[in-house]
Amino acid sequence: MIKVREKPLGHGLWEKTVELEDNAVAAVLLGRHDENLKVMASELEARLIVRGNEVHIRGTKEQVEVAAEALEQLEQMVKSGQKITRSDVRYVTQLVKEGRGLEAEALAKDVILISDRGKPIRPKTEGQRRYVEAMRNYDIVFAIGPAGTGKTYLAMAMAVAALKSKQVARIILTRPAVEAGEKLGFLPGDIREKFDPYLRPLYDALVDMMDPEKCERLIERGIIEIAPLAYMRGRTLNDAFIILDEAQNTSPEQMKMFLTRLGFGSQMVITGDITQIDLPKSRKSGLLEAKRILEGVEGIAFVYLTDKDAVRHELVQRIILAYERDEARGEREERREEER
């Protein structure tokens, strides 16, 4: 990125003009109909105008400096092969605004895996980066957070990277057999056909990183195993990257059983959302019990992701916040009722 000029406009306003060197990079960075630029302008309450390959930024001295630095960070992300979303623009702009531009730079450089289709997979928020670092440094990692924060996806990327680099000999993906609103017994087919739709989110994440045919061959050979949690009982899992998804729906007994399957040369990642427990109210969540019992135990990491780490459609973040507000309001009303 070439900074062309900066000049005062009077009354505390400035203009900075930056030139984007590459037309292809500029097209991705600016977004369709310059939508990414509009997001940045809204975040900074500044004016950003595109003329050819030049972006003219008008606002206070601070606003134009932040916008220029954010554009530079986003340009580096595009050059490294990353597709830029409005959430990315909003997050990077906020980091730069808070004086944390180096964090945005670190995110752009932290590539976990290049998928079989050439897509670079990396953490997109500082919370996700801490999660990835925990997986690099601990044999057991718990990732707790709401939907859309990349808990399962990033664990899958780390697992595939470990398999490709021969750090592990196989990947094991599992979930507890607790249904969210429907009974597996009513689904057609044999036991595998019943569980296949239930385990589909794990498979979807996997094929986003690997060629589907290659993935199927690895599953057939047992190098990748996708199975219900009950299938882990009585086993010792050596040289494997093991992911337990939807762990909030385990019982304390299931969680203990799973954790004690850890063998030599293996790593476990346990993901869950404690706001979406589908167990009967009379049953305790194994994830909550593990948090109570194991937090602080040497060699085990707990990472907590928040709505700020949500990297799905930007509406997901708003939905999470709306539900959290509603739940908090319900809890307050319950307390008032009890006090009466």
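Per this note's numbering, the sequence shown starts with residue 1139, numbered consecutively. Beta carbons: idealized from backbone N, C-alpha and C, even for Gly.
For valine 1204, no pairing in a beta bridge is given by DSSP. Under the three-state reduction of DSSP output, glutamate 1433 falls in the coil class, being neither helix nor strand.
Exclusion of the five residues before and after alanine 1242 leaves Gln1211, Val1230 and Leu1233 as the residues of its chain whose Cβ lies within less than 6 Å of its Cβ. Going by DSSP, methionine 1178 is part of the alpha helix (DSSP H) stretching over 1173–1182.
At the C-beta level, leucine 1344 and methionine 1296 stay beyond 9 Å of one another. Distances from the alpha-carbon of glycine 1410 to those of Thr1388, Ile1282, Leu1147 and Met1273 put Ile1282 closest. Boundaries of the beta strand (DSSP E) around phenylalanine 1440: 1438–1442. In the DSSP annotation of this structure, the continuous segment of the beta strand (DSSP E) that includes glutamine 1405 starts and ends at 1405–1410. At the C-beta level, proline 1258 and glycine 1288 stay beyond 9 Å of one another. Fewer than three pairs of CB atoms, one per stretch, sit closer than 8 Å, so the stretch 1434–1441 makes no contact with the stretch 1414–1423. Taking C-beta separations shorter than 7 Å and ignoring five residues to either side along the sequence, the partners of leucine 1168 in its chain run Asn1174, Leu1175 and Val1188, following chain order.
If you check the CB distance, valine 1407 and glutamine 1266 do not come in under 9 Å. Bounds of the alpha helix (DSSP H) holding arginine 1268 are 1264–1275. In this structure, isoleucine 1381 places its C-beta atom within 9 Å of the C-beta atom of leucine 1340. Remark: C-beta atoms of threonine 1312 and aspartate 1383 approach each other more closely than 9 Å. Here the alpha carbons of methionine 1395 and alanine 1300 stand approximately 24 Å from one another. Within the stretch 1210–1261, no complete beta strand (DSSP E) segment of 3 residues or longer occurs. DSSP places valine 1279 within a strand segment (E or B) once states are collapsed to three.
In terms of Cβ geometry, leucine 1292 and tyrosine 1269 form a close pair [threshold 9 Å]. Between glutamine 1414 and alanine 1208, the gap from beta carbon to beta carbon reaches 9 Å or more. The Cβ atoms of alanine 1378 and isoleucine 1458 do not sit closer than 9 Å to each other. According to the DSSP secondary-structure assignment, leucine 1151 is paired through a beta bridge with Gly1148 and Thr1198. Residue burial annotation: isoleucine 1364 is buried, with at least 16 other C-beta atoms found within 10 angstroms of its C-beta.
Relative to serine 1225, the option among Leu1453, His1149 and Arg1470 whose CA is nearest is Leu1453. Here the alpha carbons of leucine 1158 and isoleucine 1222 stand approximately 16 Å from one another. Counting the other CB atoms within 10 Å of its CB gives leucine 1240 a total below 16, which places it among the exposed residues.
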